[in-house]
Amino acid sequence: MIKVDLHLHSKASKNPGGYLSKKMSLSESYVEPIDIYKTLKERGMTLVTITDHDSIDGCLEIAHLPDTFISEEITTYFPEDKTKVHVIAIDINEKHHKELQYLRHNIYDLVDYMQKNDITYILAHPLYDMDGKLNKTHVEKFLLMFDVWEVINGTRSKLSSELTKRIAQKYSKDDIECLANKYGFLKRKSDVISFTAGSDDHGGLDIGTTYTVCEGQTVNDLKKALKEASTIPEGIHGDPKRLSHMIMNIVRSGLKNKVYLGSFGDVVDNLFHDRQKNTSTSIIDSIFGRNQVHQFIHNVTNFNGNGYKDKHDRIFYFFKNLFPYFISNSLNGKKISLDMLSSVIQKAIISLIPTLTYISVYHQRALEKKKSLDLYNSIFEMPYSERNKVAYFTDTFFEINGVSITTHKILELSKKYNLDIKFVISSQMDIKSEKIVNFKPTFTFPLPEYPDIKVNIPNFLEVLDYIEREDFNIIYCATPGILGIYGLVIAKILGKKFISTYHTDFPSYVYKLTSEKTFADITKTYMRLFYSMADKVLVPSNYVKNNLERIGVNSDKMEIFRRGVNLEKFNPKYRDKSFWKIYDPNYNDEFVMLYVGRVSKEKDIDIFVEVSKMFLENKKVKFFIVGDGPYKETIKNMVGDNVIFTGFLRDESLSKAYASADVFLFPSTTETFGNVILEALASGLICMVSDKGAAREFIVDGVNGCIVADNNLKEYYIKLNTLLNNRSLLEKMRKNALKYVENYKEEELLIEMVNKIGINFEAQPEVLTYENQEELLYSAEGV
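The numbering used here numbers the first residue of the sequence shown as 7 and each following residue consecutively.
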């Protein structure tokens, strides 16, 4: 059995790999041919060759060794437009090499020469667009010239490999004849294209990890198998992480003899050569501090307890942990000084270099995938289609708020119907779920004004690598926080569709919490920048749409989605007036005004408190606050005996709290949607809301609730008194509330939402809608 890596490079590949390489005078490879030979043999290759760019010098250095043959990777061109192509010629001699180099500027002449001299040749990475010129015409001409295609390349994506193979297998003998008539030539000798694989290694890290297998023992057996299309491509596909390390190792090798890199150079040298610490310490080790280097690499690589699986994981873990390791060790329990700050900045710059390398390569690989898809789709009448796969980023998951509640509902829907959604969060908690991907935070700090809410910052490179590796094609961000920013940046790096939702009126929140217009304006600017970069912005209400448009977000990219309510969980059947005795032993069937939600200043809960004071003398009315939050202790000192706090409630207790009240008093002016309004309506409550914010969009004044202008206290008092003294009116409005909320069935609207995100859930039911709320006047018994 033959195993041979048919694409790899040595120090004889001397041309710079790109603009920066030219400026830094770096070669494509610095790997010694003898090291390549030894490594290939160690990794089970039975035949050995090197395919340097337009050179056979590397092969000649090892030509005297057993099982070797001479090959090269020829840079050739279509003469009509100078499009660059790489062709591998195997088992050649020095005379062939000279003549191939002479002819290489014309791909047609090159192929004619190789066929005339019976040279076996391979089309390397067929869909890799090296100079931005490759198009459908070139690929169709490949089909007329090349009997052997490289389909697995150790530096190219698995997607590109799959698409290459499909193109090669698509054309029948009749199709080839049609192409030959179209272009006026046919150089193919075989009806079937043979496939090969090679590592395309330049840095010495992945030699022999991608290879070609066939029956036989000699190079002639290999060539015979290629003619008969009986070869099997095997091994590892390329990924950005491995390619990044190849580039880093080339740079390391190139700079090693030109620039003194100090102790960091020793670290990188040991890291890439994977030199493990000796069990005993020699005098030389002590003098040069090598054991300290090994220990440093170990400490950084295993920072935050991450365990690596292989060589590339080890290098990746080291570089992704480098910055947080520096920061953690510099600032942990120490006072910040100017010297320390200077040191931190220097270390940050050092750690930023590999980070930027990763980002650049991940972006380049994304462009390569897109180009491969474009070429494939230009050839096939039926475009290549992937099932949409969504990465759902959210900064809030365990907290109790509308965003988190919606996220959990979509999570349950995803489990129920096995939707292709993964929920990306960052938490210190250990979470075991196939649907949830938790990136442990590298840094954590409390949110200003909300010390009980933690801001978690995970490792960016770790998240980037996961999204690329899992090949999500849609990134959805429920929040514009740290993970939202990560999602946006990663979407731009990888060329993914980016969809976000505006759930929270952050500028208003900031202003209410700080009373500083400058801070609110800064927040508006950030919101405009964040949402303007989205491909689509889902908004829960017209109020939000208008607000975003006002601060500069294009309305054309905004789309309204509606959330629903669980009509089984929130239902009048849970009504039990004795429920309130749990929290107020003196309760005696009084009329209940209810607030449910976060107890915080931005919710305008001060208005609820002020209204309660207006009813202090009315012993038939009590006010209940369900929820918790940072403002709770403050308002406890402001309320009278008629206000009772239940704290946070959930499940059946929450259902009973809603259904056992009479009026839902919700004065918030910053709501972007208002889940609690729907829950209250579904429970049969009359809702009393402000005319500011989105909560009013559920209410037709005087029909299923009341809208109060400017949170006017007197108007609240008058309308509440009217309901208190007119139970028949109250009952009519309750019926209207229940009729209205039938239009908001939870699962139907969740399915509608995931379709707007891009899942294309085929089982979407028909959703009943009112064109506008005024239609409610004709569908419900108005008052």
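Even for Gly, the Cβ is constructed at its ideal location relative to N, Cα and C.
All of these numbers come straight from a predicted model, not from anything done at the bench.
Item	Value
Cα-Cα separation, residue 550 to residue 561	11 Å
C-alpha gap between residue 668 and residue 400, whole angstroms	35 Å
Residues bridged to residue 734 [DSSP beta-bridge criterion]	DSSP lists no partner for residue 734.
Within 9 Å, strictly: CB atoms of residue 480 and residue 505	yes
Three-state secondary structure (DSSP) of residue 12	coil
Beta-carbon gap between residue 330 and residue 305 smaller than 9 Å	no
Separation of residue 711 from residue 736, as counted between CA atoms	9 Å
Close beta carbons around residue 164, own chain, < 6 Å, minus the five adjacent residues each side	243
Same chain, Cβ closer than 8 Å to residue 293, five either side skipped, listed in chain order	At residue 293, the pLDDT of 43 sits below 50, so the modelled position is not reliable and the matter cannot be decided from this model.
Spatial distance of residue 444 from residue 487 (CA atoms)	16 Å
Spatial distance of residue 421 from residue 132 (CA atoms)	40 Å
Exposure label - residue 279; buried when at least 16 CB within 10 Å	exposed
Segment contact flag, the region 692 to 710 with the region 661 to 680, C-beta cutoff 8 Å, min 3 pairs	yes
Exposure label - residue 62; buried when at least 16 CB within 10 Å	buried
Member of 18, 540, 377, 187 whose CA lies at the smallest distance from the CA of residue 137	377
Option in 120, 101, 760, 159 with minimal Cα separation from residue 484	760
Residues near residue 719 in its chain [Cβ-Cβ closer than 8 Å; skip 5 each side]	613, 616, 617, 620
Where residue 151 falls, given that 16 or more other Cβ within 10 Å makes a residue buried	buried
With 16 other Cβ atoms within 10 Å as the buried cut-off, status of residue 591	exposed
Status (buried if at least 16 other CB within 10 Å, exposed otherwise) for residue 70	exposed
Among 462, 241, 250, nearest to residue 360 - alpha-carbon criterion	250
Rounded separation between residue 511 and residue 608 - CA only	10 Å
Whole-angstrom distance between residue 473 and residue 622, CA atom to CA atom	57 Å
Residue 486 CB to nearest heavy atom of the ligand FMN below 8 Å	With respect to the ligand FMN, the structure offers nothing, as it holds no ligand at all.
Contacting residues, own chain, Cβ-Cβ under 6 Å from residue 7 (five flanking each side not counted)	none
Residue 9 and residue 37 closer than 9 Å at C-beta	no
Residue 170 burial status per 10 Å Cβ neighbour count (16 or more: buried)	buried
C-beta atoms of residue 128 and residue 149 nearer than 9 Å	no
Residues of its chain near residue 600, where Cβ-Cβ distance is below 6 Å and the 5 sequence neighbours each way are ignored	630, 667, 670
Exposure label - residue 108; buried when at least 16 CB within 10 Å	exposed
At least three beta-carbon pairs within less than 8 Å, the region 638 to 646 to the region 385 to 404	no
Three-state class that DSSP yields for residue 707 in the structure shown	strand
Separation of residue 496 from residue 19, as counted between CA atoms	33 Å
DSSP-derived helix/strand/coil call for residue 683	helix
Between the CA atoms of residue 687 and residue 729 - distance to the nearest angstrom	16 Å
Integer Cβ distance of residue 681 from residue 408, believed to fall under 8 Å	5 Å
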